[in-house]
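Counting from 293, one number per residue, gives the positions in the sequence shown under my numbering.
Cβ atoms here follow ideal geometry from the backbone N, Cα and C, with glycine treated the same way.
Keep in mind that this is a model prediction, so the values were computed, not measured.
Below is one structure, written out as structure tokens; the observations come after it.
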Amino acid sequence: MNPSIDSALPNSTSYLDHLHDWGLSPEIGGVWLKVDRTDRVQGWKLHVSGVPAEAHALLDAIIPVLRARQVPFKIARDATILGLLNEGNLGATQVGKFCTIYPASDVDASALAMQLVQATEGFNGPVITSDMALGNLVYARYGGFNTIVERDLLGQHHLYIRGADGDLIADAYTQPFVPPSFVACPFAPPVAPAAAPADAQRPSGPATFGPGYVLVDVIKHHAKGNVYLAILARSQDSVAGRVIKEGRKHCLSDIHGRDIRVRLQRQGAIHAQVGGMVPVPACDPYFEVDGNGYLPMAFLPGADLETVVQASLKRGPWSAAGHQDKLRLLDALRQLVDAVQGLHCAGFVHRDLSVSNVWLGDDGKTWLLDLEIAQHVGDCAPVFGKGTPGFMAPEQEAGAAPAFAQDIHATAALILFALTGLDPRRTLFARGESRVRNLRHLTASVPDALLAVVLAGLDDDPLARPALAAFGRQLAAYQASLCAGAAPAGAPQQHDFAACARGAGLGLLRHAFRDPQSGLWLSAGLSNSAGGQEQASSYELRRGANRGVAGVVYALARLGRAGIAIDGAAQAVDQAVAWLLSDARTPDHGMPGLHFGDAGVAVCIAEAVRARLIAPTQRIDDWMARVFDAPIAWPDVTHGAAGQGLAALMCAHSLGTDAPLAMAQRCARYLAESQAADGSWVMPEGVPGMSGETLSGFAHGVAGMVFFLLEHGERFGDASSRAAASRGLRWLGQHALPADGAAALQWRYSDRQGAVWNWWCHGAPGIALTFLRAYRLTNDPAAAQLARRALDGIDPALRAPNLTICHGLGGLGEILLEGAEALGEPAYRDKAAALADTILHLGHRCADGSLIWLSEDPVAPTADLMVGMGGIAHFLARLSGAGKGLSFPLLP
């Protein structure tokens, strides 16, 4: 279970009062309590590991040392945060880092370390694998104190320190720790390296591990402990496959002093107790190596429920699945119900029934896995953790004592997953009648009686849930009555798309996730892959068109242009535009691009002016002039020249002025001059991991750059742009690949990455936009044919959890609408309507008529244009008759 940073348990112990008791006045900074500050940029910093059960006593031991030396430090905010750190949920390199200390010098670091080693004698804490071990709970690493943060051309933040020559070098978090070559180690005597995990210790030969096991492979990596594939080889007569779960000492520690090793021992004991009554893997005795715990269990060939469902449904509806696939899944679900009944008869609640904890063996048997947080109903001891979001019952999430009804809820959610192939957090987002209506559609061809018992099992009231036997009866009845062959999916439901778009617009204004201070729309934070930093999910104010406030302005403006009036839209847009023009500091502040920068903000403001939601002003004109005077340093649509050029063309059209067009001319020259001889573009320096790469898709690749050059060539009659576009189109045609021998085409992600994507951002759907625009502008039948083949890979019956424009169902629908308009073929619109049908049945209709979705983020209904509900509203508006004048978002 991965709890949110901001959902600490009500009884979570804060360490703030404890610091106050010591006369300290810490600042709260995210997940940390910070005491004083340092001006040093980098140096040797110290870490003290710890566990929640000992945190207060540990603070009492180390604070006198820290106060005496007046050294700045920070600690985890509370017991919940410390638990998340030690579980690895804030990053593998953060495990154990209860306290971080910033000494004034290397000499102070050495002296302080010796004192802290003495002070932490007898305390417990996880090994900090990214640091140098100094003794007891004390560790050190050389790195940033006030780390230098540089933003690359894609807006990604990277952490740096200065090398011996003063140049910036990456502040790398290595495991095990390796100090920079230019620094001397101040700690004496020589320190031992931090203990390595078992996979790093494993010899290359067949030497045994523990009591007679040979480790073969790592099935799963995790900071709390890996899962290994092994062979039990105690003798020639005793050779068998095993799966070994590892629990690293003191990881997953709770306030009761229990860690992952206690869980593994308990799991082994439960398996022994219920074995023979419940289908669980047989376990060998638990053992420890270097303080880490290991639980071996029988290897069972097969796959988890999630894998089997995905292979069976192939991201389509249940009604389209093969007959044998349906029978296999129904049989597995019947066995699941029997297994849970057996567990309950033994008095145990599983508490974590999820798609990864139900195993379908190759022998046709269904097994229950991961009983490490299971509990007997008569056991009054504190529970271990919670469960898995989407499957966990609401009362379990709220902290209720273990009860069989919690497993009934999880079983119903598992059946629902098997029938839809979708995360229950998505399918259960709607409430009341919206939920019933949605699930009837999503489980088309499933008997009403089975759906009714599943819905009852998902009731918030534990007392309203049926007995497990009711699930078994309905599954058996369906299995017995299932006729050979798949039932037809049926025609999509007819919708009033204008009314739906209006409901979606109301959802943006009334129910989207907002910042409580400013009232503006929040976006899910972009994950930062820089090692060693907190990686908690969060929400933030952003400016951009793709992900940010400007994109919501754009969506509301487009609804207005389609004649879909939304009460309060003008006031909301006016407030948002005022904030955008105020130049507020945000993570994407100062970026130049279309999707993630000010060029896109300009397009959104211009749309609002065109829709008459705001009036044109001199302030807007002056701001636009600065935006379109920005430098050009990158070629693509989302962040660079192609997008900046498109923005200039769109703003000139929306505002009725030629002022931005000089930017379009500069962008066209930049792209023509930087194009490779073969018609592609090699990404320039400035983005680690992408520079030097040639990408194919629309967001970052050749397709997007060609799209702009086509538009520029048409707008200005520019021969250079037309020639460059022609070379790029030829390159795209040469690099197209047949999809599984079918007529459909696909493209590799790049010349470095052979993966095939199928969304707007990367893959055939986005590339189809370029061929469609080429056909519109040139009437070249070859472009039309390539566009059709690129569109052929879009399945209108696709079921995917992501509903957005960027890489979800909404974007595929928008692209199909482009196909219908450019090619004059209504069948593409019908396919788009089928995708909209699925999207509408994954949303919730509020009492006030608003429509909202978990469009990408699985927790909050965010409003963003390309990765949120704003894009869904736009798609629905285009499907309505009034939206025929609209184009794909952020394109002319």
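In whole angstroms, what is the alpha-carbon distance linking residue i and residue j?
i: Asn303; j: Leu660; result: With a pLDDT of 41 at Asn303, under the threshold of 50, the predicted position of this residue should be treated as unreliable, and no value is reported.
i: Ala1035; j: Phe920; result: 42 Å
i: Leu1132; j: Asn584; result: 49 Å
i: Arg1080; j: Cys959; result: 29 Å
i: Met1161; j: Arg850; result: 14 Å
i: Asp890; j: Cys792; result: 31 Å
i: Val510; j: Met955; result: 52 Å
i: Asp718; j: Ala1076; result: Per the sequence shown, the amino acid found at residue 718 is Arg instead of Asp. If you take the alpha carbons of Arg718 and Ala1076, they lie about 36 Å apart.
i: His348; j: Pro923; result: 54 Å
i: Ala464; j: Gly435; result: 8 Å
i: Phe683; j: Ala705; result: 6 Å
i: Gly1163; j: Phe1000; result: 22 Å
i: Ala796; j: Gln867; result: 20 Å
i: Gly1020; j: Ala995; result: 8 Å
i: Ala748; j: Ile700; result: 10 Å
i: Leu833; j: Trp1051; result: 26 Å
i: Asp576; j: Pro1150; result: 38 Å
i: Leu1168; j: Arg1121; result: 12 Å
i: Leu451; j: Ala462; result: 6 Å
i: Thr878; j: Ser646; result: 38 Å
Which of helix, strand or coil does DSSP assign to residue i?
i: Cys672; result: coil
i: Lys516; result: coil
i: Gln667; result: strand
i: Gly840; result: strand
i: Arg1040; result: strand
i: Ala462; result: strand
i: Val869; result: helix
i: Met982; result: coil
i: Met684; result: coil
i: Ser611; result: helix
i: Phe990; result: coil
Quick one: residues in its chain with C-beta nearer than 6 Å to the C-beta of residue i, no 5 flanking neighbours on either side, listed in chain order?
i: Phe721; result: His1136, Leu1146
i: Ala532; result: Leu524
i: Gln386; result: Leu377
From this set, the options, which residue's C-alpha is nearest residue i's C-alpha?
i: Ser1179; options: Cys896, Glu1106, Ala804, Thr1062; result: Glu1106
i: Asp444; options: Thr949, Ala804, Val333, Ala925; result: Ala925
i: Pro418; options: Gly342, Asn438, Asn381; result: Gly342
i: Leu1127; options: Ala1089, Gly1163, Ala1152; result: Ala1089
i: Asp309; options: Lys337, Ile367, Ala1047; result: Ile367
i: Asp596; options: Asp654, Thr712, Val1159, Gly691; result: Asp654
i: Gln863; options: Leu812, Phe888, Ile912; result: Leu812
i: Leu886; options: Asp398, Arg732, Leu446, Phe365; result: Leu446
i: Leu311; options: Asp331, Thr330, Leu350; result: Leu350
i: Gly670; options: Glu664, Lys657, Ser646, Ala638; result: Ala638
i: Leu1256; options: Glu1006, Glu965, Ser972, Ser988; result: Since the displayed the chain opens at 293 and closes at 1184, residue 1256 lies outside it and no answer follows.
i: Gly414; options: Val430, Thr421, Ser422, Met424; result: Val430
Is the beta carbon of residue j closer than 9 Å to that of residue i?
i: Leu1037; j: Gly1085; result: yes
i: Leu963; j: Gly937; result: yes
i: Pro395; j: Gly321; result: no
i: Gly799; j: Val629; result: no
i: Pro694; j: Val641; result: yes
i: Leu1002; j: Ala1017; result: yes
i: Gly549; j: Ala345; result: yes
i: Leu382; j: Val327; result: no
i: Leu592; j: Tyr578; result: no
i: Pro952; j: Met982; result: no
i: Ala432; j: Leu544; result: no
i: Asp400; j: Val441; result: no
i: Ala1152; j: Phe805; result: yes
What does a CB cutoff of less than 8 Å around residue i pick up in its chain, not counting 5 residues either side in sequence?
i: Ile354; result: Val340, Cys391, Leu408, Ala411, Thr412
i: Arg853; result: Glu899, Arg902, Ala903, Gly1177, Leu1178
i: Ala574; result: His563, Gly567, Met589, Ala590
i: Ala1174; result: Ala790, Ala854, Gly855, Ile856
i: Asn1094; result: Gly1100, Leu1101, Ser1147, Glu1148
By Cβ distance, which residues of its chain are closer than 7 Å to residue i, with the 5 residues on each side in sequence left out?
i: Thr1130; result: Arg1091, Leu1101
i: Asn1071; result: none
i: Arg727; result: Leu720
Please confirm whether residue i has its beta-carbon closer than 9 Å to some beta-carbon of chain B.
i: His1133; result: Protein chains in the displayed structure number just one, and chain B is not present.
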